[in-house]
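See below for the structure under consideration.
Residue numbers (the numbering used here): -4 to 662.
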């Protein structure tokens, strides 16, 4: 395009030639560039495709001469009206195509900027065209879409006016018949909604599972006939032959109804369309409509009725739920008042809608006057969250301050309707006082036991080291191997006891860091030595992937060493089929060698961790279900401690798929 001097505008720089050329060729409009005497100088791909000429046939030809003779004067008038920076109106011209056909194309023209280098022979006019058949088809589609949207909007509006089932079905049916110009319609509901799988056909319903819920346009005689089981069964089986939307056209015998069954006069040939009413997960019933547009039920019309069925399904489901709620609300309140947990229901504005008696007993207040008041105005200020409130099994921990101090487990969640729309929230409180006291005693026991075990374990490790030096002098390989096992197991016991003590410190908020400047590669090398015996015994390899430049950080060396020992130990334990363990370290994205942000990865070929459990494994005492099922032993505290140590350093830890792309885990 640079030969023609075309630019984006008078004030913006010209487009680069390659971008301009690509944009022109990608256009779906016909683009033709003419010189001063109307000779074609350039065409795009859409022009050659639409006009059925090759580019070589078009370039050098007269644009006007390519038109049908009856359109040539009109074509000359189009070129004469072209002015710079202003498109002409659309000229509808009959174009002679290369295959001999005549097509109607709407053209607009604009004069291009003059180019002194062309000496007056360069391009002068840009023509932009579009086949008028495409425009007509697009217009028809827009009209049909507008009709469908109007019908759907009207039905939604009608259905939203009432939650009483009979009223909303009558209103929706009336609107559907009026907007779609139908003869009649009826709604058949299942006595008991049927669970469905949307990936499969809608399940079939037997006639005795259905009842007439609404109708319009049928005569009383036809409705009376439907009340007879034999007549209804014949009618139903004639229409719904499969568990999916059905279209049946033909005579009375074929569609199952007579022209005299309809209140409006009609032809003898009818079309019946039946579509299911599908709720969130249940088939609620069927919508059945009749039209005299014999065999004229287009795919768009059938799809529109299917959409109406999908739209009405959740509305019917909600209305049924509302009826059921009215019938069971008294029993539900009795159940909530009788359970051993406090329940608080709030709407979207945090206004209390319900509070049971147990909640008042736990809070030590009377909750009878709470409904209708804001939560912040009624919940006592003596009920506050504990500083250490995260608990994997009992939600948040709250405290009731007072003479009779209580610890409460608090669950809070949003409440949604069947369509996923938020209704409010629920809070459930359980008395955890005795449980917390039991936890405190258990933690004290664990700390005392860990302290008592450290002394004999230290002694065992010391004597094993002395025996190792003696075995080396005596050159006893078998004894050295046994002593190495004692050393390795002693280290495991020591780390387990340190872990138990660290868990107690975490629970009490007493875990501190002793930071120092270290190199990450040296830290990883030190940890790797810890696993030399186990790796050699199992014939396994530990591979490190480290940068050439040392990564200097300010960490607690001993605690980060414990983190890596735990992660590599898990990788070794949970990959029984072997495979390499890869430990990598590199600067985090966007980090520099001086700001200390380093990402460490430990990858194995093990049993993996399901995505649903990848956050849970960092909770205290939690163990992945399939690890337990496969008989792997563990305490469920290693990753809990690891997470807290990493977070104390200001970092984070997470689980991902194995970096090598196969089975396993990367942490």
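Positions of the beta carbon are idealized from the N, C-alpha and C atoms, including for glycine.
- Taking the CA atoms as reference points, residue 213 sits about 40 Å from residue 418.
- Remark: fewer than three beta-carbon pairs, one from each stretch, lie closer than 8 Å, so the segment 14 to 28 and the segment 68 to 83 are not flagged as touching.
- Secondary structure remark: continuous beta strand (DSSP E) runs of at least 3 residues inside the segment 181 to 228, in chain order: 205 to 211.
- Across the set 640, 339 and 306, the C-alpha of 339 shows the shortest separation from the C-alpha of residue 357.
- Around the CB of residue 570, 16 or more other CB atoms lie within 10 Å, so the residue is classed as buried.
- Annotation: residue 631 to residue 526 spans about 21 Å, alpha carbon to alpha carbon.
- Taking a C-beta distance under 8 Å as the contact criterion, residue 271 and residue 413 do not qualify as a contact pair.
- For residue 16, the enclosing alpha helix (DSSP H) stretches over residues 12 to 21.
- When C-alpha distances from residue 374 are compared across 354, 269 and 11, the shortest belongs to 354.
- By DSSP's assignment, residue 651 forms a beta bridge with 661.
- For residue 406, the uninterrupted beta strand (DSSP E) segment begins and ends at 401 to 411.
- Here DSSP, grouped into helix, strand and coil, assigns residue 30 to strand.
- Of 51, 489 and 312, the smallest CA-CA separation from residue 277 is found for 312.
- Residue 646 carries a coil assignment under DSSP once its states are collapsed to helix, strand and coil.
- In the displayed model, residue 498 falls within a helix according to three-state DSSP.
- Beyond the five residues adjoining it in sequence on each side, residue 22 comes within less than 8 Å, by CB distance, of 39 and 41 in the same chain, given in chain order.
- Contact between residue 519 and residue 559 holds, with the beta-carbon distance rounding to 7 Å and staying under 8 Å.
- Assignment of alpha helix (DSSP H) within the segment 329 to 368, counting only whole runs of 4 or more residues, yields 352 to 358 in chain order.
- Shortest Cα-Cα distance from residue 513 to any of 267, 481, 547 and 524 involves 547.
- Under the Cβ criterion (8 Å, minimum of three pairs), the segment 214 to 222 counts as touching the segment 242 to 257.
- Shortest Cα-Cα distance from residue 649 to any of 597, 246 and 46 involves 597.
- Closest in alpha carbon position to residue 108, among 179, 29 and 178, is 29.
- With 16 or more other Cβ atoms inside 10 Å of its own Cβ, residue 265 counts as buried.
- Per the DSSP secondary-structure output, residue 98 pairs in a beta bridge with 90.
- Between residue 498 and residue 636, the gap from beta carbon to beta carbon is short of 8 Å.
- Here the segment 504 to 511 does not lie against the segment 577 to 585, with fewer than 3 beta-carbon pairs under 8 Å apart.
- Residues 602 and 605 of the same chain have their beta carbon placed closer than 8 Å to that of residue 621, with the five preceding and five following residues left out of the count.
- Considering only 269, 315 and 243, the residue with the shortest C-alpha distance to residue 275 is 315.
- Judged by pairs of C-beta atoms under 8 Å, the segment 475 to 486 does not touch the segment 609 to 618, as fewer than three such pairs exist.
- Taking every protein chain shown into account, the CB of residue 208 has 16 or more other CB atoms within 10 angstroms, so this residue is buried.
- The Cβ atoms of residue 36 and residue 54 sit closer than 8 Å to each other.
- Burial state of residue 344 is exposed, judged by a 10 Å Cβ sphere holding fewer than 16 other Cβ atoms.
- DSSP links residue 273 through a beta bridge to 278.
- Within the same chain, Cβ atoms closer than 8 Å to the Cβ of residue 59 are found at 33, 67, 70, 71 and 74, the five residues on either side in sequence being excluded.
- Between the C-alpha atoms of residue 210 and residue 168 there is a straight-line separation of about 7 Å.
- Take the alpha-carbon of residue 82 and the one of residue 106: they are about 8 Å apart.
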